[in-house]
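Chemist: Have a look at this one before I ask anything.
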Amino acid sequence: MKKAFLLLLALVLVISFIACRGNDKEKNSNNLTNSSANNEGLIVVGFSQVGAESDWRLANTKSMRETFNKENGYRLILKDAQQKLENQISAIRGFIEQKVDYIVFAPVTEEGWDDVLKEAKAAGIPVIIVDRMINTKDDSLYTCWVGSDFRKEGETAVAWMETTFKDKASLKIVHLQGSLGSSAQIGRTEGLLAGVERNSGWEVVYRASGNFTQVKGKEVMEHVLKQHNRIDVLYCENDNMAFGAMEAMEVAKKTYGVNGDIKIISFDATHAGLDATLKGKINYNVECNPLHGPRVEAIIQQLERGEKLDKLAYVEEEAFDAATITQAVIDARAY
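Per my numbering, the sequence shown starts with residue 119, numbered consecutively.
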């Protein structure tokens, strides 16, 4: 019995040793990206992207990939949140556990970030927010933000409407919003609402979210066209939703664009969006520049040198009218 007991005890010890070695291996694997990169002298950047819902978002991700590569002295850890807040928070916590040098993220929504950013701050990891903004009373939770002035984009579109339709007594507007709660949606919506308030003849006859996707944009527009015979303007908060809305209008035999009844205002000014503007399908397209990689790298290099940063960095952007845009303008663009 004693011999059998000793054999059993030895077996338990061996199993425990193997399990511990497995746990150690798993822990080492979790930190492998950071430790191996540090050994190579690389700066580790954890980037949590919203998703891949639009051409703009794909160009934004591409810009980050092309900037933060080994040749430039970086190791990029990219996590796609698939439009879910919980996925993004989990990704950021993973970056903290891996002890990355910098955390970069494009927020799914403006709310819900304080707890996880407090964890990043406690870990001493600088946080750079790109594209969309967050809503927090403690701005020490992030190092800086770089992106677009979305309210200004909306105001730019409204100014074009005021000039273009100055002789029109009334204006029936369909408002196709982006993902609700995102900075782009909030700012572009605020711009339109301010325009409607100061122009007594303007009326938003329908408003709904298309989640920045072509499929949802088409779906919403199909519903709108069944309810409203007269639509003067489609105010569409990104190019992909505009493409979906065009599909719906074509099926319904509705005319749009420069030579049509429904005038289209879009945002992002992607290559495809500007091509549609050149062809007269989109009347006015307001730029939202997605090439944030070089801008974020410039911020990181400033931090590496111990330099002081501006808290907010707005991107310079343009707007394009179907009446004046040229092929040369489109060809010169990187996205």
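C-beta: ideal position from N, C-alpha, C; glycine also.
Here the structure is a predicted model, which means the values were calculated and not measured.
On the CB-based measure, 16 or more other CB atoms within 10 Å of its CB, does histidine 341 come out buried or exposed?
Modeler: Classification of histidine 341: exposed, given that the 10 Å Cβ count is below 16.
Chemist: Checking the sheet assignment: what are the DSSP bridge partners for alanine 326?
Modeler: Bridge partners of alanine 326: Leu294.
Chemist: Decide if leucine 298 is buried, meaning its Cβ has at least 16 other Cβ atoms within 10 Å, or exposed.
Modeler: Exposed is the call here.
Chemist: Taking just the CA atoms, how far does phenylalanine 268 sit from glutamate 422?
Modeler: Distance between the alpha carbons of glutamate 422 and phenylalanine 268: 29 Å.
Chemist: Are the beta-carbon atoms of glycine 265 and valine 248 separated by less than 7 Å?
Modeler: Contact: yes.
Chemist: Taking the alpha-carbon of threonine 112 as reference, which of His389, Gln419, Val414 has the nearest alpha-carbon?
Modeler: Limits of the chain in this structure are 119 at one end and 453 at the other, which puts residue 112 out of reach.
Chemist: Going by DSSP in three states, alanine 287 sits in which element: helix, strand or coil?
Modeler: It is coil, neither helix nor strand.
Chemist: CB-CB under 8 Å to histidine 346, same chain, minus the five flanking residues each way: which ones, in chain order?
Modeler: Same-chain partners within the cutoff: Lys290, Val292, Val323, Tyr324.
Chemist: Under the three-state reduction of DSSP, which class applies to arginine 193: helix, strand or coil?
Modeler: Three-state DSSP puts arginine 193 in a strand.
Chemist: Using three-state DSSP, classify alanine 240 as helix, strand or coil.
Modeler: Looking at alanine 240 - three-state DSSP - the assignment turns out to be helix.
Chemist: Do alanine 302 and glycine 309 count as a contact pair if the criterion is CB distance below 7 Å?
Modeler: No.
Chemist: Tell me the rounded alpha-carbon separation between alanine 420 and threonine 179.
Modeler: It should be pointed out that residue 420 corresponds to glutamine in this sequence rather than to alanine. Roughly 22 Å between the two C-alpha positions.
Chemist: Using CA coordinates, which residue listed in Gly391, Gly378, Thr227, His410 is at the minimum distance from valine 404?
Modeler: The residue with the shortest Cα to Cα distance from valine 404 is Gly391.
Chemist: Which of the three DSSP states, helix, strand or coil, is assigned to glycine 265?
Modeler: Strand, per DSSP.
Chemist: When you compare the CB positions of alanine 199 and valine 226, do they come within less than 7 Å of one another, or not?
Modeler: Yes, the pair counts as a contact, with Cβ atoms nearer than the cut-off.
Chemist: What do you get for glycine 140, buried or exposed, if any count of 16 or more other CB atoms within 10 angstroms of its CB means buried?
Modeler: With a pLDDT of 42 at glycine 140, under the threshold of 50, the modelled position of this residue cannot be trusted; read the value that follows with caution. That one is exposed.
Chemist: According to DSSP, simplified to helix, strand and coil, what is asparagine 403?
Modeler: Asparagine 403 falls in the strand class under three-state DSSP.
Chemist: Given valine 433, which residues of its chain have a CB within under 6 Å of its CB, disregarding the five upstream and five downstream residues?
Modeler: Excluding sequence neighbours, valine 433 sits near Ser266, Asn407.
Chemist: Starting from the C-beta of alanine 326, find all residues in its chain whose C-beta is less than 6 Å away, skip the five residues before and the five after it, and write them out in chain order.
Modeler: Taken in chain order, the residues that qualify are Val338.
Chemist: Quick one: give me the first and last residue of the alpha helix (DSSP H) that lysine 462 is part of.
Modeler: Absent from the model: residue 462. The displayed extent of the chain is 119 to 453, so no value can be given.
Chemist: Taking the beta strand (DSSP E) that lysine 381 belongs to, which residues open and close that run?
Modeler: Note, lysine 381: beta strand (DSSP E), 381-386.
Chemist: Could you check which residue in Ile417, Asp439, Phe223 has the C-alpha nearest to that of alanine 431?
Modeler: Out of Ile417, Asp439, Phe223, Ile417 has the C-alpha closest to the C-alpha of alanine 431.
Chemist: Considering only their Cβ atoms, is the gap separating leucine 194 from valine 163 smaller than 7 Å?
Modeler: A contact, by the Cβ cut-off of 7 Å.
Chemist: Please check if any C-beta of chain D sits within less than 7 Å of the C-beta of lysine 188.
Modeler: Chain labels in this structure do not include chain D; a single protein chain is all it has.
Chemist: Specify the secondary structure class of glycine 398 as computed by DSSP and reduced to three states.
Modeler: Glycine 398 falls in the coil class under three-state DSSP.
Chemist: Classify glutamate 321 as helix, strand or coil using the three-state DSSP reduction.
Modeler: Residue state, collapsed to three classes: strand.
Chemist: Take tryptophan 174 as the anchor and find which of Asp393, Ala387, Leu396 has the nearest alpha-carbon.
Modeler: Selected option, being the one with the closest Cα: Ala387.
Chemist: I'd like the list of long-range same chain contacts for glutamate 144, defined as Cβ closer than 6 Å, with 5 residues on each side in sequence excluded.
Modeler: Low per-residue confidence applies at glutamate 144: pLDDT is 35, beneath 50, and the placement is therefore not dependable enough to give any value.
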